[in-house]
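Residue numbers (my numbering): 1 to 595.
Rendered as C-alpha coordinates:
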(Lines of atoms letter the chains of each structure in order from A and count residues from 1; the text may use other names and numbers.)
(Lines give C-alpha, C1' and ligand atoms only; values in the text may rest on other atoms or scores of the structure.)
Protein backbone atom coordinates (compact mmCIF):
# COMPACT_ATOMS: atom_id res chain seq x y z
CA UNK A 1 0.00 0.00 0.00
CA UNK A 2 1.29 3.45 -0.93
CA UNK A 3 2.20 5.49 2.14
CA UNK A 4 0.33 8.71 2.80
CA UNK A 5 2.21 12.02 2.80
CA UNK A 6 1.84 12.22 6.57
CA UNK A 7 3.47 8.81 7.05
CA UNK A 8 6.26 9.62 4.55
CA UNK A 9 7.04 12.83 6.44
CA UNK A 10 6.93 11.05 9.79
CA UNK A 11 9.28 8.32 8.51
CA UNK A 12 11.69 10.95 7.20
CA UNK A 13 11.75 12.84 10.48
CA UNK A 14 12.34 9.61 12.40
CA UNK A 15 15.19 8.70 10.07
CA UNK A 16 16.77 12.14 10.47
CA UNK A 17 16.63 11.69 14.26
CA UNK A 18 18.16 8.22 13.91
CA UNK A 19 21.02 9.56 11.74
CA UNK A 20 21.63 12.46 14.14
CA UNK A 21 21.98 9.97 17.00
CA UNK A 22 24.45 7.91 14.96
CA UNK A 23 26.40 11.05 14.01
CA UNK A 24 26.54 12.05 17.68
CA UNK A 25 27.97 8.61 18.52
CA UNK A 26 30.53 8.95 15.76
CA UNK A 27 31.56 12.40 17.01
CA UNK A 28 32.19 10.93 20.48
CA UNK A 29 34.25 8.11 18.98
CA UNK A 30 36.42 10.50 16.95
CA UNK A 31 36.96 12.73 20.00
CA UNK A 32 38.10 9.69 22.03
CA UNK A 33 40.42 8.50 19.26
CA UNK A 34 41.87 11.98 18.94
CA UNK A 35 42.49 12.29 22.67
CA UNK A 36 44.25 8.91 22.83
CA UNK A 37 46.91 9.94 20.33
CA UNK A 38 50.17 10.52 22.14
CA UNK A 39 52.61 12.96 20.58
CA UNK A 40 55.62 10.95 19.29
CA UNK A 41 59.09 11.56 20.60
CA UNK A 42 60.93 10.91 17.35
CA UNK A 43 61.06 13.99 15.07
CA UNK A 44 60.49 11.85 11.97
CA UNK A 45 57.08 10.79 13.34
CA UNK A 46 55.85 14.32 13.98
CA UNK A 47 54.54 14.92 10.47
CA UNK A 48 52.41 11.77 10.51
CA UNK A 49 51.09 12.66 13.96
CA UNK A 50 49.94 16.13 12.97
CA UNK A 51 48.53 14.84 9.69
CA UNK A 52 46.33 12.32 11.53
CA UNK A 53 45.28 15.00 14.03
CA UNK A 54 44.26 17.24 11.13
CA UNK A 55 42.19 14.39 9.65
CA UNK A 56 40.39 13.95 12.96
CA UNK A 57 39.62 17.68 13.13
CA UNK A 58 38.37 17.66 9.55
CA UNK A 59 36.11 14.68 10.23
CA UNK A 60 34.65 16.38 13.31
CA UNK A 61 33.75 19.38 11.16
CA UNK A 62 32.14 17.12 8.56
CA UNK A 63 30.12 15.27 11.22
CA UNK A 64 28.93 18.57 12.68
CA UNK A 65 27.64 19.53 9.22
CA UNK A 66 25.98 16.13 8.78
CA UNK A 67 24.16 16.54 12.08
CA UNK A 68 22.54 19.75 10.77
CA UNK A 69 21.97 18.51 7.21
CA UNK A 70 22.16 14.68 7.08
CA UNK A 71 21.38 14.41 3.36
CA UNK A 72 19.52 16.10 0.49
CA UNK A 73 18.39 13.15 -1.65
CA UNK A 74 17.47 9.47 -1.44
CA UNK A 75 17.51 6.99 -4.35
CA UNK A 76 16.11 3.46 -4.21
CA UNK A 77 17.71 1.11 -6.77
CA UNK A 78 16.98 -2.44 -7.90
CA UNK A 79 19.98 -4.36 -9.26
CA UNK A 80 19.36 -7.42 -11.44
CA UNK A 81 21.60 -9.66 -9.35
CA UNK A 82 20.32 -8.54 -5.93
CA UNK A 83 16.91 -9.52 -4.64
CA UNK A 84 16.54 -6.64 -2.17
CA UNK A 85 16.26 -3.00 -3.23
CA UNK A 86 19.28 -0.88 -2.28
CA UNK A 87 18.83 2.59 -0.78
CA UNK A 88 21.40 5.39 -1.14
CA UNK A 89 21.34 8.80 0.53
CA UNK A 90 23.40 11.70 -0.84
CA UNK A 91 24.91 14.44 1.28
CA UNK A 92 27.65 17.00 1.53
CA UNK A 93 29.91 14.45 3.24
CA UNK A 94 30.01 10.68 3.46
CA UNK A 95 28.59 8.61 6.34
CA UNK A 96 28.88 5.20 4.70
CA UNK A 97 27.83 3.13 7.74
CA UNK A 98 24.30 4.43 7.11
CA UNK A 99 24.46 4.37 3.28
CA UNK A 100 25.02 8.14 3.09
CA UNK A 101 27.39 8.97 0.23
CA UNK A 102 29.14 12.19 -0.69
CA UNK A 103 27.81 14.11 -3.68
CA UNK A 104 31.17 13.49 -5.43
CA UNK A 105 30.83 9.68 -5.30
CA UNK A 106 30.25 8.01 -8.71
CA UNK A 107 26.91 6.55 -7.58
CA UNK A 108 25.58 10.06 -6.86
CA UNK A 109 25.19 10.76 -10.59
CA UNK A 110 22.00 8.64 -10.61
CA UNK A 111 20.18 11.32 -8.64
CA UNK A 112 19.73 13.30 -11.88
CA UNK A 113 18.04 10.41 -13.70
CA UNK A 114 14.33 9.81 -14.07
CA UNK A 115 12.92 6.63 -12.46
CA UNK A 116 13.64 3.70 -14.75
CA UNK A 117 16.82 2.19 -16.15
CA UNK A 118 20.01 3.99 -15.02
CA UNK A 119 23.75 3.39 -15.19
CA UNK A 120 26.92 4.83 -13.66
CA UNK A 121 30.63 4.14 -13.87
CA UNK A 122 32.70 3.07 -10.86
CA UNK A 123 36.42 4.02 -10.51
CA UNK A 124 37.58 0.72 -12.07
CA UNK A 125 35.83 1.75 -15.31
CA UNK A 126 33.07 -0.84 -14.93
CA UNK A 127 29.57 0.40 -15.82
CA UNK A 128 26.85 -0.71 -13.45
CA UNK A 129 23.19 -0.76 -14.42
CA UNK A 130 20.07 -0.80 -12.27
CA UNK A 131 16.48 0.35 -12.12
CA UNK A 132 15.78 3.53 -10.21
CA UNK A 133 12.59 2.61 -8.37
CA UNK A 134 12.06 5.87 -6.46
CA UNK A 135 13.83 9.04 -5.45
CA UNK A 136 13.13 11.67 -2.85
CA UNK A 137 14.53 15.19 -2.69
CA UNK A 138 14.82 17.16 0.53
CA UNK A 139 15.86 20.47 1.96
CA UNK A 140 16.84 19.86 5.57
CA UNK A 141 18.21 22.73 7.64
CA UNK A 142 19.27 22.30 11.25
CA UNK A 143 17.61 18.89 11.25
CA UNK A 144 14.25 20.38 10.21
CA UNK A 145 12.49 19.30 7.01
CA UNK A 146 11.83 22.39 4.90
CA UNK A 147 11.04 20.77 1.57
CA UNK A 148 10.27 17.18 0.51
CA UNK A 149 9.29 15.72 -2.88
CA UNK A 150 8.95 12.11 -4.04
CA UNK A 151 8.69 10.41 -7.42
CA UNK A 152 8.60 6.72 -8.35
CA UNK A 153 8.67 4.57 -11.42
CA UNK A 154 4.87 4.49 -11.26
CA UNK A 155 4.08 8.08 -10.22
CA UNK A 156 5.33 11.58 -11.20
CA UNK A 157 7.11 14.01 -8.91
CA UNK A 158 4.85 15.05 -6.05
CA UNK A 159 5.26 17.61 -3.29
CA UNK A 160 5.08 15.83 0.06
CA UNK A 161 5.87 18.75 2.37
CA UNK A 162 6.97 22.37 2.21
CA UNK A 163 7.50 24.80 5.05
CA UNK A 164 6.87 28.50 4.60
CA UNK A 165 10.32 29.97 4.49
CA UNK A 166 12.04 33.13 3.31
CA UNK A 167 13.82 33.08 0.00
CA UNK A 168 16.47 35.32 1.50
CA UNK A 169 19.58 33.34 2.36
CA UNK A 170 22.33 34.27 4.78
CA UNK A 171 24.84 31.79 3.45
CA UNK A 172 25.88 29.42 0.72
CA UNK A 173 23.84 26.26 1.32
CA UNK A 174 25.45 23.36 -0.51
CA UNK A 175 22.67 20.75 -0.12
CA UNK A 176 20.12 23.12 -1.63
CA UNK A 177 22.35 24.12 -4.55
CA UNK A 178 23.54 20.60 -5.34
CA UNK A 179 19.99 19.27 -5.15
CA UNK A 180 18.84 21.79 -7.76
CA UNK A 181 21.80 21.19 -10.08
CA UNK A 182 20.97 19.90 -13.52
CA UNK A 183 22.43 16.72 -14.94
CA UNK A 184 24.40 18.66 -17.56
CA UNK A 185 25.99 20.79 -14.84
CA UNK A 186 26.94 17.70 -12.87
CA UNK A 187 28.67 16.33 -15.95
CA UNK A 188 30.65 19.57 -16.24
CA UNK A 189 31.77 19.22 -12.63
CA UNK A 190 32.96 15.66 -13.28
CA UNK A 191 34.79 16.49 -16.53
CA UNK A 192 38.33 15.07 -16.72
CA UNK A 193 40.70 17.16 -14.66
CA UNK A 194 43.44 17.73 -17.24
CA UNK A 195 43.49 20.84 -19.42
CA UNK A 196 41.67 24.18 -19.53
CA UNK A 197 37.96 24.45 -18.79
CA UNK A 198 35.81 27.50 -19.56
CA UNK A 199 32.54 28.27 -17.78
CA UNK A 200 30.98 31.35 -19.32
CA UNK A 201 27.56 32.92 -19.21
CA UNK A 202 25.63 36.09 -18.43
CA UNK A 203 25.22 37.54 -14.97
CA UNK A 204 23.02 35.33 -12.80
CA UNK A 205 23.55 32.15 -14.82
CA UNK A 206 25.27 30.33 -11.94
CA UNK A 207 28.74 30.06 -13.46
CA UNK A 208 30.55 30.86 -10.21
CA UNK A 209 28.50 28.29 -8.28
CA UNK A 210 29.32 25.69 -10.93
CA UNK A 211 33.02 26.60 -10.80
CA UNK A 212 33.11 26.23 -7.01
CA UNK A 213 31.54 22.79 -7.25
CA UNK A 214 34.13 21.87 -9.86
CA UNK A 215 36.90 22.74 -7.37
CA UNK A 216 35.10 20.89 -4.56
CA UNK A 217 34.77 17.80 -6.74
CA UNK A 218 38.47 17.76 -7.67
CA UNK A 219 39.50 18.26 -4.03
CA UNK A 220 37.12 15.67 -2.56
CA UNK A 221 36.74 12.96 -5.20
CA UNK A 222 38.84 9.85 -4.41
CA UNK A 223 39.98 9.78 -8.05
CA UNK A 224 41.49 13.28 -8.00
CA UNK A 225 42.01 14.33 -4.36
CA UNK A 226 45.71 13.39 -4.34
CA UNK A 227 46.34 15.60 -7.38
CA UNK A 228 44.52 18.65 -5.99
CA UNK A 229 45.44 19.39 -2.37
CA UNK A 230 43.41 22.49 -1.52
CA UNK A 231 46.36 24.39 -0.07
CA UNK A 232 48.04 24.29 -3.50
CA UNK A 233 45.10 25.74 -5.45
CA UNK A 234 44.98 29.42 -6.45
CA UNK A 235 41.82 31.44 -7.07
CA UNK A 236 42.26 34.87 -8.67
CA UNK A 237 39.50 37.41 -8.05
CA UNK A 238 38.92 41.04 -9.05
CA UNK A 239 38.97 42.83 -5.71
CA UNK A 240 39.10 42.45 -1.93
CA UNK A 241 35.32 42.40 -1.50
CA UNK A 242 35.07 39.41 -3.86
CA UNK A 243 37.99 37.84 -2.00
CA UNK A 244 36.11 38.14 1.30
CA UNK A 245 32.95 36.76 -0.32
CA UNK A 246 34.73 33.73 -1.78
CA UNK A 247 36.55 33.14 1.51
CA UNK A 248 33.15 32.61 3.14
CA UNK A 249 31.69 30.45 0.36
CA UNK A 250 34.45 27.94 -0.30
CA UNK A 251 34.64 26.52 3.27
CA UNK A 252 30.90 25.76 2.99
CA UNK A 253 31.85 23.36 0.20
CA UNK A 254 34.51 21.73 2.34
CA UNK A 255 37.32 23.62 0.58
CA UNK A 256 39.79 25.17 2.99
CA UNK A 257 43.28 26.68 2.76
CA UNK A 258 42.84 27.64 -0.90
CA UNK A 259 44.84 30.72 -1.89
CA UNK A 260 42.28 33.39 -2.82
CA UNK A 261 44.00 36.51 -4.06
CA UNK A 262 43.87 39.43 -6.44
CA UNK A 263 46.43 39.86 -9.21
CA UNK A 264 47.86 42.94 -7.49
CA UNK A 265 48.18 41.25 -4.10
CA UNK A 266 49.83 38.22 -5.72
CA UNK A 267 52.38 40.32 -7.61
CA UNK A 268 53.12 42.46 -4.55
CA UNK A 269 53.89 39.26 -2.60
CA UNK A 270 56.07 37.89 -5.41
CA UNK A 271 58.07 41.11 -5.77
CA UNK A 272 58.11 41.92 -2.05
CA UNK A 273 56.92 45.52 -2.56
CA UNK A 274 53.59 45.63 -0.70
CA UNK A 275 55.01 47.66 2.20
CA UNK A 276 55.92 50.73 0.16
CA UNK A 277 53.55 50.72 -2.83
CA UNK A 278 49.78 50.98 -3.29
CA UNK A 279 47.61 49.80 -6.18
CA UNK A 280 44.85 51.12 -8.42
CA UNK A 281 43.40 49.19 -11.33
CA UNK A 282 43.37 52.35 -13.44
CA UNK A 283 45.22 55.56 -12.67
CA UNK A 284 43.17 58.73 -13.37
CA UNK A 285 39.95 56.75 -13.52
CA UNK A 286 38.11 59.97 -12.59
CA UNK A 287 39.43 61.58 -15.80
CA UNK A 288 38.22 58.92 -18.15
CA UNK A 289 39.52 60.09 -21.53
CA UNK A 290 42.96 61.12 -20.24
CA UNK A 291 43.22 57.90 -18.26
CA UNK A 292 42.26 55.83 -21.30
CA UNK A 293 44.95 57.44 -23.49
CA UNK A 294 47.53 56.93 -20.73
CA UNK A 295 46.58 53.24 -20.47
CA UNK A 296 46.59 52.90 -24.25
CA UNK A 297 50.20 54.14 -24.50
CA UNK A 298 51.33 51.82 -21.71
CA UNK A 299 49.59 48.87 -23.36
CA UNK A 300 51.45 49.62 -26.58
CA UNK A 301 54.74 49.48 -24.65
CA UNK A 302 53.74 46.19 -23.03
CA UNK A 303 52.85 44.70 -26.41
CA UNK A 304 55.91 45.99 -28.21
CA UNK A 305 58.03 43.55 -26.20
CA UNK A 306 59.91 46.27 -24.29
CA UNK A 307 60.94 44.58 -21.04
CA UNK A 308 61.74 46.86 -18.14
CA UNK A 309 65.17 46.54 -16.54
CA UNK A 310 65.12 44.55 -13.29
CA UNK A 311 65.91 46.98 -10.48
CA UNK A 312 65.39 47.14 -6.72
CA UNK A 313 62.90 49.99 -7.09
CA UNK A 314 59.82 49.15 -9.21
CA UNK A 315 59.45 52.79 -10.25
CA UNK A 316 63.07 53.02 -11.37
CA UNK A 317 62.52 49.87 -13.42
CA UNK A 318 59.41 51.28 -15.07
CA UNK A 319 61.08 54.66 -15.63
CA UNK A 320 63.78 52.94 -17.67
CA UNK A 321 61.16 52.23 -20.36
CA UNK A 322 58.47 54.88 -19.83
CA UNK A 323 60.95 57.75 -20.09
CA UNK A 324 61.79 56.62 -23.61
CA UNK A 325 58.45 55.47 -25.02
CA UNK A 326 55.65 57.44 -23.37
CA UNK A 327 54.51 60.72 -24.89
CA UNK A 328 55.51 63.85 -23.00
CA UNK A 329 52.04 64.32 -21.50
CA UNK A 330 51.76 60.66 -20.45
CA UNK A 331 55.26 60.64 -18.98
CA UNK A 332 54.29 63.58 -16.76
CA UNK A 333 51.36 61.51 -15.53
CA UNK A 334 53.74 58.64 -14.74
CA UNK A 335 56.03 60.94 -12.75
CA UNK A 336 53.02 62.02 -10.70
CA UNK A 337 52.06 58.39 -10.21
CA UNK A 338 55.65 57.60 -9.22
CA UNK A 339 55.64 60.38 -6.63
CA UNK A 340 52.43 58.97 -5.15
CA UNK A 341 53.94 55.44 -5.15
CA UNK A 342 50.98 53.96 -7.01
CA UNK A 343 51.15 51.04 -9.45
CA UNK A 344 48.46 49.92 -11.88
CA UNK A 345 47.70 46.59 -13.60
CA UNK A 346 49.93 47.31 -16.62
CA UNK A 347 52.84 48.36 -14.38
CA UNK A 348 52.57 45.13 -12.39
CA UNK A 349 52.45 43.02 -15.54
CA UNK A 350 55.62 44.66 -16.87
CA UNK A 351 57.37 44.20 -13.50
CA UNK A 352 56.35 40.56 -13.30
CA UNK A 353 57.67 39.89 -16.79
CA UNK A 354 60.96 41.49 -15.72
CA UNK A 355 61.05 39.31 -12.60
CA UNK A 356 60.54 36.13 -14.67
CA UNK A 357 63.27 37.16 -17.09
CA UNK A 358 65.71 37.85 -14.23
CA UNK A 359 65.05 34.71 -12.16
CA UNK A 360 64.18 32.34 -14.98
CA UNK A 361 61.12 31.08 -13.14
CA UNK A 362 58.32 32.63 -11.13
CA UNK A 363 59.15 32.56 -7.42
CA UNK A 364 57.94 34.43 -4.39
CA UNK A 365 60.23 37.07 -2.93
CA UNK A 366 63.24 35.39 -1.25
CA UNK A 367 61.77 31.94 -1.98
CA UNK A 368 63.79 29.26 -3.76
CA UNK A 369 60.77 27.22 -4.85
CA UNK A 370 59.10 27.76 -8.20
CA UNK A 371 55.42 28.77 -8.07
CA UNK A 372 53.39 25.81 -9.30
CA UNK A 373 49.66 25.20 -8.91
CA UNK A 374 47.75 21.99 -9.78
CA UNK A 375 44.69 24.18 -10.40
CA UNK A 376 44.13 27.89 -11.05
CA UNK A 377 40.68 29.49 -11.17
CA UNK A 378 40.47 32.89 -12.87
CA UNK A 379 37.24 34.65 -11.98
CA UNK A 380 35.97 37.27 -14.47
CA UNK A 381 38.69 36.22 -16.91
CA UNK A 382 37.46 38.78 -19.45
CA UNK A 383 39.00 41.58 -17.36
CA UNK A 384 42.57 40.27 -17.53
CA UNK A 385 45.25 41.23 -20.00
CA UNK A 386 46.37 38.34 -22.23
CA UNK A 387 49.84 38.82 -20.75
CA UNK A 388 48.46 38.23 -17.24
CA UNK A 389 46.63 35.08 -18.28
CA UNK A 390 49.79 33.73 -19.94
CA UNK A 391 51.64 34.22 -16.64
CA UNK A 392 48.93 32.24 -14.79
CA UNK A 393 49.27 29.46 -17.37
CA UNK A 394 53.03 29.35 -16.80
CA UNK A 395 52.38 28.51 -13.13
CA UNK A 396 50.42 25.32 -13.82
CA UNK A 397 51.72 21.93 -12.73
CA UNK A 398 52.31 19.97 -15.95
CA UNK A 399 50.78 16.84 -14.35
CA UNK A 400 47.36 18.49 -14.32
CA UNK A 401 47.66 21.58 -16.54
CA UNK A 402 44.31 22.52 -15.02
CA UNK A 403 43.02 26.08 -15.34
CA UNK A 404 39.40 27.15 -14.93
CA UNK A 405 38.27 30.33 -16.67
CA UNK A 406 35.01 31.82 -15.33
CA UNK A 407 33.40 34.91 -16.83
CA UNK A 408 31.60 36.51 -19.73
CA UNK A 409 33.12 38.34 -22.69
CA UNK A 410 30.04 40.59 -22.68
CA UNK A 411 31.15 42.08 -19.36
CA UNK A 412 34.58 43.55 -20.17
CA UNK A 413 35.25 46.67 -18.12
CA UNK A 414 38.94 47.36 -18.82
CA UNK A 415 41.02 48.27 -21.87
CA UNK A 416 43.34 45.79 -23.53
CA UNK A 417 41.83 42.65 -22.06
CA UNK A 418 41.49 39.24 -23.74
CA UNK A 419 39.34 39.21 -26.89
CA UNK A 420 39.70 35.58 -27.94
CA UNK A 421 41.47 32.41 -26.81
CA UNK A 422 43.96 32.87 -29.64
CA UNK A 423 45.31 35.87 -27.69
CA UNK A 424 46.85 33.46 -25.18
CA UNK A 425 47.38 30.49 -27.52
CA UNK A 426 44.73 28.53 -25.64
CA UNK A 427 42.85 25.79 -27.46
CA UNK A 428 39.55 25.00 -25.78
CA UNK A 429 37.81 21.83 -27.02
CA UNK A 430 34.07 22.31 -27.53
CA UNK A 431 33.21 19.87 -24.75
CA UNK A 432 35.32 21.94 -22.31
CA UNK A 433 33.91 25.32 -23.36
CA UNK A 434 30.73 25.47 -21.31
CA UNK A 435 28.32 28.30 -22.09
CA UNK A 436 25.43 28.78 -19.66
CA UNK A 437 22.41 30.45 -21.24
CA UNK A 438 19.70 30.50 -18.60
CA UNK A 439 19.46 33.40 -16.15
CA UNK A 440 17.44 32.73 -13.01
CA UNK A 441 18.47 35.63 -10.80
CA UNK A 442 16.55 38.51 -12.40
CA UNK A 443 12.85 38.92 -13.10
CA UNK A 444 11.20 38.69 -16.53
CA UNK A 445 10.61 42.43 -16.61
CA UNK A 446 14.23 43.27 -15.83
CA UNK A 447 15.54 40.91 -18.51
CA UNK A 448 13.00 42.18 -21.06
CA UNK A 449 14.08 45.74 -20.36
CA UNK A 450 17.73 44.78 -20.89
CA UNK A 451 16.80 43.05 -24.15
CA UNK A 452 14.98 46.17 -25.34
CA UNK A 453 18.19 48.17 -24.88
CA UNK A 454 19.85 45.99 -27.50
CA UNK A 455 21.48 43.32 -25.35
CA UNK A 456 20.87 39.64 -26.08
CA UNK A 457 19.59 37.96 -22.93
CA UNK A 458 17.72 34.65 -22.67
CA UNK A 459 14.53 34.69 -20.57
CA UNK A 460 13.79 31.21 -19.18
CA UNK A 461 10.23 29.92 -18.96
CA UNK A 462 8.67 30.08 -15.53
CA UNK A 463 10.72 33.06 -14.39
CA UNK A 464 8.78 35.35 -12.06
CA UNK A 465 7.50 38.47 -13.79
CA UNK A 466 8.37 41.04 -11.13
CA UNK A 467 7.79 44.80 -11.07
CA UNK A 468 8.17 47.03 -14.11
CA UNK A 469 11.52 48.75 -14.48
CA UNK A 470 11.12 52.36 -13.36
CA UNK A 471 12.74 55.23 -15.27
CA UNK A 472 12.53 58.62 -13.59
CA UNK A 473 13.65 62.03 -14.81
CA UNK A 474 15.19 63.68 -11.74
CA UNK A 475 17.16 66.89 -12.06
CA UNK A 476 19.41 66.75 -9.01
CA UNK A 477 21.21 64.40 -6.63
CA UNK A 478 18.88 65.54 -3.85
CA UNK A 479 15.88 64.41 -5.93
CA UNK A 480 17.52 61.03 -6.52
CA UNK A 481 18.25 60.62 -2.80
CA UNK A 482 14.66 61.50 -1.92
CA UNK A 483 13.37 58.92 -4.44
CA UNK A 484 15.65 56.20 -3.01
CA UNK A 485 14.51 56.98 0.55
CA UNK A 486 10.93 56.34 -0.56
CA UNK A 487 11.99 52.95 -1.94
CA UNK A 488 13.65 52.02 1.36
CA UNK A 489 10.42 52.67 3.20
CA UNK A 490 8.72 49.73 1.45
CA UNK A 491 10.92 47.02 2.99
CA UNK A 492 13.85 47.97 5.20
CA UNK A 493 15.39 44.47 5.00
CA UNK A 494 16.05 44.51 1.26
CA UNK A 495 19.57 45.08 -0.03
CA UNK A 496 19.81 48.15 -2.24
CA UNK A 497 22.63 48.91 -4.63
CA UNK A 498 23.17 52.53 -5.64
CA UNK A 499 25.27 52.46 -8.78
CA UNK A 500 26.78 55.24 -10.88
CA UNK A 501 29.31 55.41 -13.68
CA UNK A 502 31.81 57.57 -11.75
CA UNK A 503 32.88 57.43 -8.12
CA UNK A 504 32.83 61.22 -7.83
CA UNK A 505 29.08 61.30 -8.42
CA UNK A 506 28.48 58.89 -5.53
CA UNK A 507 30.07 60.94 -2.72
CA UNK A 508 26.81 62.50 -1.56
CA UNK A 509 25.06 59.10 -1.64
CA UNK A 510 27.84 57.58 0.48
CA UNK A 511 27.41 60.38 3.00
CA UNK A 512 23.59 60.22 3.18
CA UNK A 513 23.29 56.41 3.38
CA UNK A 514 26.40 55.52 5.42
CA UNK A 515 24.30 54.47 8.44
CA UNK A 516 22.26 51.85 6.56
CA UNK A 517 24.10 48.49 6.28
CA UNK A 518 21.67 47.25 3.61
CA UNK A 519 22.56 50.05 1.19
CA UNK A 520 25.69 49.64 -0.90
CA UNK A 521 27.08 52.55 -2.92
CA UNK A 522 29.35 51.35 -5.74
CA UNK A 523 30.54 52.25 -9.21
CA UNK A 524 29.54 50.16 -12.21
CA UNK A 525 33.01 48.61 -12.24
CA UNK A 526 32.84 47.77 -8.53
CA UNK A 527 29.40 46.18 -8.89
CA UNK A 528 30.63 43.34 -11.07
CA UNK A 529 30.15 40.01 -9.31
CA UNK A 530 27.68 41.23 -6.66
CA UNK A 531 23.88 41.46 -6.60
CA UNK A 532 21.16 43.40 -4.79
CA UNK A 533 17.42 42.99 -4.29
CA UNK A 534 16.94 46.51 -5.64
CA UNK A 535 19.26 48.49 -7.91
CA UNK A 536 19.12 52.24 -8.46
CA UNK A 537 21.34 53.43 -11.29
CA UNK A 538 21.83 57.16 -10.72
CA UNK A 539 23.27 60.13 -12.58
CA UNK A 540 22.21 59.06 -16.07
CA UNK A 541 22.51 61.81 -18.66
CA UNK A 542 23.13 62.19 -22.38
CA UNK A 543 26.93 62.12 -21.97
CA UNK A 544 27.22 59.28 -19.41
CA UNK A 545 28.32 56.69 -21.96
CA UNK A 546 29.61 59.02 -24.68
CA UNK A 547 33.12 58.34 -26.01
CA UNK A 548 35.19 61.06 -27.65
CA UNK A 549 37.06 60.03 -30.80
CA UNK A 550 40.50 61.49 -30.16
CA UNK A 551 42.99 61.84 -33.01
CA UNK A 552 45.66 60.46 -30.65
CA UNK A 553 44.21 56.94 -30.64
CA UNK A 554 43.37 54.36 -33.28
CA UNK A 555 39.92 53.42 -34.52
CA UNK A 556 40.30 50.03 -32.81
CA UNK A 557 40.97 51.75 -29.50
CA UNK A 558 37.93 53.98 -29.98
CA UNK A 559 35.69 50.98 -30.74
CA UNK A 560 37.04 49.14 -27.71
CA UNK A 561 36.23 52.08 -25.46
CA UNK A 562 32.67 52.14 -26.86
CA UNK A 563 32.25 48.43 -26.15
CA UNK A 564 33.46 48.90 -22.56
CA UNK A 565 30.81 51.57 -22.00
CA UNK A 566 28.13 49.17 -23.22
CA UNK A 567 29.49 46.35 -21.08
CA UNK A 568 29.62 48.61 -18.00
CA UNK A 569 25.95 49.43 -18.37
CA UNK A 570 25.11 45.74 -18.83
CA UNK A 571 26.99 44.91 -15.62
CA UNK A 572 25.04 47.55 -13.68
CA UNK A 573 21.64 46.53 -15.08
CA UNK A 574 22.12 42.85 -14.29
CA UNK A 575 22.91 43.45 -10.61
CA UNK A 576 19.17 43.79 -9.88
CA UNK A 577 17.34 40.73 -8.58
CA UNK A 578 13.81 42.05 -8.06
CA UNK A 579 13.65 45.77 -8.86
CA UNK A 580 15.50 48.14 -11.18
CA UNK A 581 15.25 51.94 -11.09
CA UNK A 582 16.99 54.24 -13.61
CA UNK A 583 17.39 57.80 -12.34
CA UNK A 584 18.83 60.91 -14.00
CA UNK A 585 18.23 63.76 -16.37
CA UNK A 586 17.79 61.41 -19.36
CA UNK A 587 16.09 58.07 -19.97
CA UNK A 588 18.11 55.10 -21.11
CA UNK A 589 17.15 54.06 -24.61
CA UNK A 590 18.66 53.01 -27.90
CA UNK A 591 19.35 56.64 -28.86
CA UNK A 592 22.23 56.67 -26.37
CA UNK A 593 25.65 55.96 -27.84
CA UNK A 594 25.63 52.25 -27.01
CA UNK A 595 25.29 50.64 -30.42
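Built from N, CA and C at the ideal position, the CB exists for glycine as well.
- Using a 10 angstroms sphere on the CB of residue 398, the tally of other CB atoms stays under 16, which defines it as exposed.
- In this structure, residue 308 places its C-beta atom within 8 angstroms of the C-beta atom of residue 350.
- Going by C-alpha positions, residue 544 is about 17 angstroms away from residue 284.
- When DSSP states are grouped into helix, strand and coil, residue 558 belongs to the helix group.
- If you compare the alpha carbons of 363, 199, 536 with that of residue 271, the shortest gap goes to 363.
- Counting along the chain, residue 449 sits inside the alpha helix (DSSP H) bounded by residues 444–452.
- Listed in chain order, the beta strand (DSSP E) runs fully inside the segment 181–257 are 196–200, 234–237, counting runs of at least 3 residues.
- The residue from 391, 372, 90, 411 with its alpha-carbon nearest to that of residue 424 is 391.
- Straight-line measurement puts the Cα of residue 116 at about 37 angstroms from the Cα of residue 375.
- For a cut-off of 8 angstroms, the C-beta gap from residue 254 to residue 147 is around 23 angstroms, too long to register as a contact.
- Exclusion of the five residues before and after residue 111 leaves 73, 75, 90, 135 as the residues of its chain whose Cβ lies within less than 7 angstroms of its Cβ.
- Between the alpha carbons of residue 473 and residue 482 lies a gap of roughly 13 angstroms.
- In summary, residue 47 is exposed, with fewer than 16 beta-carbon neighbours lying within 10 Å of its beta-carbon over all protein chains present.
- Shown here, residue 33 sits in a helix according to DSSP, grouped into three states.
- When rounded, the separation of the alpha-carbon atoms in residue 128 and residue 109 is 12 angstroms.
- Judged by their CB atoms, residue 540 and residue 498 are not nearer to each other than the 8 angstroms cut-off.
- Residue 230 and residue 237 do not touch by the CB rule: their CB atoms are close to 16 angstroms apart, not below 8 angstroms.
- The count of Cβ pairs closer than 8 angstroms, one atom from the segment 293–306 and one from the segment 318–334, reaches three, so the stretches are in contact.
- Secondary structure note for residue 137: its beta strand (DSSP E) is the uninterrupted segment 127–141.
- Per DSSP, residue 117 is one residue of the beta strand (DSSP E) stretching across 116–121.
- A straight line joining the alpha-carbon of residue 559 with that of residue 288 spans about 15 angstroms.
- Nearest to residue 194 by alpha-carbon distance, out of 401, 405, 536, 470, is 401.
- DSSP places residue 105 in no beta strand (DSSP E); its state is neither H nor E.
- Annotated as proximal: residue 523 and residue 506, with beta-carbon spacing under 8 angstroms.
- Nearest neighbour of residue 30 by Cα position, chosen from 7, 534, 58, turns out to be 58.
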